[in-house]
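Input: a single structure, listed below in structure tokens.
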């Protein structure tokens with residue numbers, strides 16, 4: 001049985017899972033998650049910008065485990081949305097948005113090799129196709145506005 005406990009403000013402070021162990025959570029006064037400690041007692045610290053967006057996630061006491069988050073600047077499609085996630089593991093993920101701030105490309109750079117995912121939407125703004133770097137594609141079908149089928153393309 002998985003058990004969860006919450007603090008007086010309603011934020012999850014502990015998760016106890018028989019197979020994974022105990023995970024502890026700590027928040028700042030704004031309700032932003034500022035630390036997470038896993039069952040191996042590794043603590044990740046998070047920092048945020050003035051708009052409450054995650055900017056860094058760091059393994060406490062390590063200079064080697066840092067993930068940095070950046071956001072699209074004003075005047076660009078996706079203004080304020082996540083633009084890049086860069087890890088000290090060498091993996092970088094970037095997002096490109098259309099004029100409606102929907103992700104149309106996700107690019108991953110792993111060990112110097114680029115992997116592109118593309119996203120397409122119907123006239124109602126719902127996902128229509130997702131294509132993986134291998135060319136594998138998923139098509140979403142809708143009936144009366146509700147998802148009715150997911151098919152390989």
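In my numbering, the protein residues as written are 1 to 153.
The beta carbon of each residue, even a glycine, is placed where N, CA and C say it ideally should be.
Per-residue burial, residue i [other beta carbons within 10 Å of its own, 16 or more giving buried]
i, result
"residue 97", "buried"
"residue 69", "buried"
"residue 31", "exposed"
"residue 78", "buried"
"residue 95", "buried"
Sequence-distant residues of its chain with Cβ nearer than 7 Å to residue i (five each side left out)
i, result
"residue 5", "13 and 14"
"residue 28", "34"
"residue 54", "46, 48 and 69"
"residue 133", "115, 116 and 117"
Spatial neighbours of residue i in its chain, beta-carbon cut-off 6 Å, leaving aside the 5 residues before and after
i, result
"residue 91", "110"
"residue 108", "93 and 115"
Helix, strand or coil at residue i [DSSP, three-state]
i, result
"residue 136", "coil"
"residue 83", "strand"
"residue 68", "strand"
"residue 76", "coil"
"residue 11", "coil"
Any chain C beta carbon closer than 8 Å to residue i
i, result
"residue 117", "Looking for chain C here will not work: only one protein chain is present."
Residue i: first and last residue of the uninterrupted beta strand (DSSP E) it sits in
i, result
"residue 57", "54 to 59"
"residue 4", "3 to 6"
"residue 147", "146 to 152"
Cβ-heavy atom distance, residue i to the ligand HEM, below 7 Å
i, result
"residue 111", "The ligand HEM is not part of the structure shown, which contains no ligands of any sort."
Same chain only: Cβ atoms within 8 Å of residue i, ignoring 5 sequence neighbours per side
i, result
"residue 1", "18"
Problem set entry | 3 or more residues per run - each beta strand (DSSP E) lying fully within the segment 86 to 127 | 92 to 97, 103 to 110 and 113 to 121
Problem set entry | Length-filtered (3 minimum) beta strand (DSSP E) runs lying within the segment 18 to 43 | 21 to 27 and 33 to 37
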